[in-house]
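Worksheet for the structure shown next.
Numbering (the working numbering), first residue to last: 35 to 234.
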């Protein structure tokens, strides 16, 4: 499915983590088709449900997970049609009081409660940095993060969130610090995904 919609791309990419890579998973190319997004969500929701990890809220970092959390919440509701509705919310990047522009907040009138069991979702994880920040945010708001779920884990299962981590695909794709990137040394222009193929 990833290849059929050109979601699995090769080139020279600046990843969200700040690392460089030769391969990139642009899952938005899948998520733009609700049929495909729901197929993936049903697979992951079944896996989580079988491990007693059914949430009351699905949350993900914008923008990568902004469709994915809706598909995941819908898939859980299909599994439990007589259960309570499941919320789908996103955390957006903000600049916090210390000047950190990579913090997250849940805003726009949406709130978590201490009773909420929250599944944090990502489309693709490389270092897990964004998902980890959302896990920490959920805890800081008094709710309970129960698991992290992703379509693709490109770390080769090296990420430890301190809570269960379920994914559909595990890949061990090579990444590079910018200073040690062989593609940079060869003069290959680096592209920031989502930027219309413009050099980063």
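Just so you know, even glycine gets a beta-carbon here, dropped at the ideal spot from N, CA and C. Please read these numbers as outputs of a predicted model, since none were measured by experiment.
Residue pairing for residue 59: DSSP places it in a beta bridge opposite 42. For residue 96, the secondary structure class from DSSP, reduced to helix, strand or coil, is coil. For residue 151, no alpha helix (DSSP H) segment is defined; the enclosing uninterrupted segment is the beta strand (DSSP E) at 151-159. Nearest to residue 96 by alpha-carbon distance, out of 138, 113, 106, is 138. Going by DSSP, residue 127 is part of the beta strand (DSSP E) stretching over 121-128. For residue 138, the three-state secondary structure derived from DSSP is strand.
Under DSSP, residue 116 forms no beta bridge with any residue. Scanning its chain for C-beta atoms nearer than 6 Å, with the 5 sequence neighbours on each side dropped, one finds around residue 76 the residues 109, in chain order. When the five nearest sequence neighbours on each side are left out, the beta carbons in the same chain lying within less than 6 Å of the beta carbon of residue 107 are those of 92, 120, 122, in order along the chain. Selection 117, 67, 205 evaluated against residue 184 yields 205 as nearest (Cα-Cα). As summarised for the segment 192-231, the continuous beta strand (DSSP E) elements at least 3 residues long and confined to that stretch are 199-204, given in chain order. For the 8 Å CB-CB criterion, residue 217 and residue 80 do not form a contact. Rounded to the nearest angstrom, the gap between the Cα atoms of residue 136 and residue 163 is 10 Å. The segment 41-59 and the segment 143-153 do not touch, with fewer than three beta-carbon pairs separated by less than 8 Å.
Here residue 197 has 169, 179, 180, 181, 182 as same chain residues with Cβ atoms under 8 Å from its own Cβ, once five neighbours each way along the sequence are excluded. Residue 159 counts as buried, since no fewer than 16 other beta carbons sit within 10 angstroms of its beta carbon.
Around the C-beta of residue 66, fewer than 16 other C-beta atoms lie within 10 Å, and the residue is accordingly described as exposed. When DSSP states are grouped into helix, strand and coil, residue 183 belongs to the strand group. Between residue 125 and residue 74, the C-beta spacing is not below 8 Å. Spanning the alpha carbons of residue 131 and residue 176 requires a straight line of approximately 20 Å.
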